[in-house]
Structure formats: structure tokens, C-alpha cells
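Visitor: Have a look at the structure that comes next, please.
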């Protein structure tokens, strides 16, 4: 027995020593500082499991360096702390490339066919020129969602109409007991649960029927741009339908949690009229709310700052000296964690706010998502008085949110009482309107002030 224990201890010591030596020999002096862990290669994995995104913040506070290296089994990660280095990395969009990682995630999560995978991966590194499905996607769809664009106004109009219908349903129920945010359990790189795969395939079938019936022909400019882009690259319609599932995951997975947090932490831009039957009609102009309700917009941006936990990732496609000081090895990944920038008290630059990412992969739907969130929130807080059932507003935790998520979901509901606000009657009708506006909300460093 004693001999076995001695053998095990000796084996562990040898493995530990070999791991330390290997780590030392494979890390160049000109690479960013390596974050040390008690257990080489595995320590960071245990830390991620325990404290998740806060691990990035802890390492920033520990080392106080602009960039550092995390070594995981078979993976080399360069984690950027400095806002100036983020800008430097974003400028090298071919050397530090996002499309290869996005394509890998799309293939793993959405279950694309071999033909669709080939189209997605062709010239993925843009080494053969500025073409390729992934490389051209953002440039193709961005104009359809640009601020001040008729396409964006059209999709916003449909969105606020759906918001009004939803809140009308809430009013008809008179009261309801909770606000629920649903978390999506798609795990990158892992086998998906049968139930998740079944639901994913069901949504894909709905999209497939939609495209086969020609629903996209009269759809928004964004859907048409997306469809034409896919046709130009000969993407099969089945592949386009599955990519549509990814769009749903991206939209609901971020808009719903963000709206949840904004509602849980929050004057009016209205006009009043009376219809022929004597019913009072009160209308919220969403365009005016975006432009003039600076408190609401600031609260929205602060919500993103507090609850955005994503990390933009880029693949190093060739050995590169970042900012003339830090050697990045080919095949490694560069991470730009949002929490690091959003929790740095000394940051005052606009580039430090990364609620919608930045650079060539800046979220093209940021203005749409913002309008939808503000419309729902404005209508809700004006329409209802809300009180917590417990008598005290308690912020739920978000520890169960997956590492892949961008906006952290809550681990539990907030149980509330909702009732019509004082002075309101069931005969009062609330409307949402969207007027033409040239105002551009500044949601990122790339947007004009």
C-alpha cells in the first residue's frame, strides 16, 4: 500500500515537473506574460468553472499588464486588458481574424450540411482576396441596419407593434407573477442535448418553409440582404435556414436578458388624445424617446456595462508583433473580454465601452436591438406599477449563465405584482409610434457623437 502511494506521488511530481518545463520551453520571452497557475494548463479551467468571467477581472487586477497569456491544454489565449491594444488588434482584421472562429461556432451549434460548411469555410482567412461568405457578410448586411436607413425604420416599426401587442396582452391579464428570462443551453463544442437539437431543428424547419414560400421577398431589407448574400455564394436554402436559427439565438439571447436587467433597475415622451368613443389614447414616440430621454438611454448603456460578460475572439492567422511589443503566435486566439473594460474605473475613453463589440464585427443590429429594448421598457414602466412580492428589490445572481453568453441571464425570476398605474383606466389605450428621425444613437466608439 505504501509503495503504491509513493509511486502515485512520484508520478504526479514527474507530470507536474514535465508540465512546468514544457510551459517554460514553449513560451517565448517576447510573448505576453504568462498568467501563472498552481496547476499548469488546468488551473485556469478550474478557475473558469468557479468564478467564470470574473477570472479575467481578477487576473487584470493581479498583473496590471496590457495583455497576458493563458495556457490551456492545446490552446494558447492572449487576453487583452488595454483599450489601446484593443484598437490595435481591431485594425489587423486579417491577421487577427474573427470569421474562422465564428464559422467554427456556427458549424458546431447549428448542424450545417457538408456543402454549407464548405461554402462557409471557403477563403475564411481572406488570403485569396477580400471575398468569402463570412468575410463579406457584415459588409453586405450592415447597410440594411444602419441608423437613419429606411430598412432599419421598417423593422423597428414592426418591432414596436409587437411590443404593444405583448403589453396589451399583459394588461388583459390584469396582473402576472413574474418576469422570466429564458437561457439558451447551446454549448459550443459539446454534444447537444436531444431536446435542444429537436428544438433547433424545429426552428430551422420553420425558416425553411418561410424561404420556400417566398416570405423573404416582402421581408425587411436585412432579411433580403441576408438572402441575396447567401444566394450569391450558392448557400443551399437548408443552410440559410439553419443560419437563421443562429440569428434568433443571437437576438433573443441578448435582447431578452438586457431588457430584463434594465427593467429590474430603472420621463415620459407622450402625447394624449381622445377617440370618437371617448377612450383616452396615450402615445409614446419611440424615436423621441431614443433622442431626448437621455436618462433612459444612459440607464440602458449602464445595464450593458454591468451585465455584458462576452469576450470577442480573434484567431491569429500568422505570427504577428502586436503594437510592436507583443509576439502573438499563429494558431493562438486573442480574447477581448468586455468585463475587463467595463469594470476598469480609470477608463474614460469611448473605446472602453464594448456592449456591442467593435471593429469589423461591430454588431450590425445594435440600433434595432436598442430600439426594441427601449420601446418595451418605456411602455412597461409608464403603463404599470411594479412591486416585488418580497417587498424588497433583490438582484438575482447570474452564476449559471454559460461562458459563451454575451448578456448574462438571471438564475431566477423576480416575482412581482404588476397593476395599472394610478390614474389609468382599462379604457385607456396606449400606442407606440415611430417617426422619421436622422438622429444616430452613439452606442459604440464607431458611431458618431
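Residue numbers (my numbering): 86 to 534. Glycine included, C-beta positions come from ideal geometry on N, C-alpha and C.
1) Can you round the beta-carbon distance between residue 119 and residue 112 to whole angstroms, since I take them to be within the 8 Å contact cut?
2) Residue 191 to residue 168, Cα distance in whole Å?
3) Mind checking who residue 165 pairs with in its DSSP beta bridge?
4) Only counting runs of 3 or more residues, tell me where the beta strand (DSSP E) segments fall wholly within the region 188-237, in order along the chain.
5) How do the region 230-239 and the region 448-458 stand: do at least 3 beta-carbon pairs fall below 8 Å, yes or no?
6) Would the beta-carbon of residue 340 fall within 8 Å of that of residue 458?
7) Could you tell me the distance, in whole angstroms, from the CA atom of residue 97 to the CA atom of residue 198?
8) What ranges does the beta strand (DSSP E) occupy inside the region 468-498, keeping only unbroken runs of at least 3 residues that lie completely in it?
9) Between 407, 246, 447 and 286, which has its C-alpha nearest residue 460's C-alpha?
10) Sort 418, 428, 410 and 398 by Cα distance to residue 389 and report the nearest one.
11) Enumerate in chain order the residues of its own chain whose CB-to-CB distance from residue 184 is below 7 Å, with the five nearest sequence positions on each side excluded.
12) Kindly indicate which three-state DSSP category residue 304 falls into: helix, strand or coil?
13) Check whether the Cβ atoms of residue 108 and residue 129 sit closer than 8 Å, and answer yes or no.
14) Going by beta carbon distance, what residues of the same chain come within less than 7 Å of residue 102, once the five residues before and after it are set aside?
15) Using C-beta distances below 6 Å, list every residue in its chain close to residue 229, excluding the 5 sequence neighbours before and after it, in chain order.
16) Does the beta-carbon distance from residue 417 to residue 162 come in below 8 Å?
17) Name the DSSP bridge partner or partners of residue 502?
18) Report the rounded CA-to-CA distance for residue 402 versus residue 463, giving the unit in angstroms.
19) Taking Cβ positions, are residue 152 and residue 125 nearer each other than 8 Å?
20) DSSP three-state call for residue 119: helix, strand or coil?
21) Using the C-alpha atoms, what's the distance from residue 312 back to residue 303?
22) Please check the pair residue 397 and residue 442, which I expect to be a contact at CB under 8 Å, by giving their CB distance rounded to whole angstroms.
23) Pull up the distance between the alpha-carbon of residue 242 and that of residue 415, whole angstroms please.
24) Is residue 343 closer than 8 Å to residue 392 when the C-beta atoms are compared?
25) For residue 50, does the three-state DSSP call read helix, strand or coil?
26) In the structure shown, what three-state DSSP assignment does residue 102 receive?
27) Once DSSP output is grouped into helix, strand and coil, what is the label at residue 180?
28) Could you please give the first and the last residue of the uninterrupted beta strand (DSSP E) stretch that includes residue 411?
29) Ends of the beta strand (DSSP E) at residue 418?
30) Would you report the Cα separation of residue 181 and residue 445, rounded to the nearest angstrom?
31) Less than 8 Å between the beta carbons of residue 178 and residue 314, yes or no?
32) Look up residue 407 in the DSSP assignment and say whether it is helix, strand or coil.
33) If you count every other CB in all the chains shown that lies within 10 Å of the CB of residue 438, and 16 or more means buried, which is it?
34) Quick one: using the 10 Å Cβ neighbour count with 16 as the cut-off for buried, is residue 296 buried or exposed?
35) Over the uninterrupted alpha helix (DSSP H) stretch that includes residue 130, give me the two end residues.
36) Among 160, 332, 165 and 136, which one has its Cα closest to the Cα of residue 150?
Guide: Taking the geometry as given:
1) 5 Å
2) 28 Å
3) 152
4) Runs of the beta strand (DSSP E) inside the region 188-237: none found.
5) yes
6) yes
7) Taking the straight line joining both Cα atoms gives about 44 Å.
8) 469-473
9) 246
10) 428
11) Around residue 184: 209, 219 and 220.
12) In this structure, residue 304 counts as coil in the three-state DSSP scheme.
13) no
14) none
15) When the five nearest sequence neighbours on each side are left out, the beta carbons in the same chain lying within less than 6 Å of the beta carbon of residue 229 are those of 236, 306, 307 and 310, in order along the chain.
16) yes
17) In the DSSP assignment, the residues bridged to residue 502 are 472.
18) 45 Å
19) No. Outside cutoff.
20) The answer is strand: DSSP assigns residue 119 an E or B state.
21) 12 Å
22) Confirmed, Cβ separation roughly 5 Å.
23) Separation of residue 242 and residue 415 (C-alpha to C-alpha, rounded to the nearest whole angstrom) is 46 Å.
24) yes
25) Absent from the structure is residue 50, since the part of the chain shown begins at 86 and ends at 534.
26) Helix at residue 102.
27) coil
28) It spans 411-413 - the beta strand (DSSP E) in which residue 411 sits, taken as one unbroken run.
29) 418-422
30) 11 Å
31) By the CB criterion at 8 Å, residue 178 and residue 314 fall outside the cutoff.
32) If DSSP states are grouped into helix, strand and coil, residue 407 belongs with the strands.
33) buried
34) Buried, by the Cβ-count rule.
35) 128-136
36) Measuring from the Cα of residue 150, the nearest candidate turns out to be 165.
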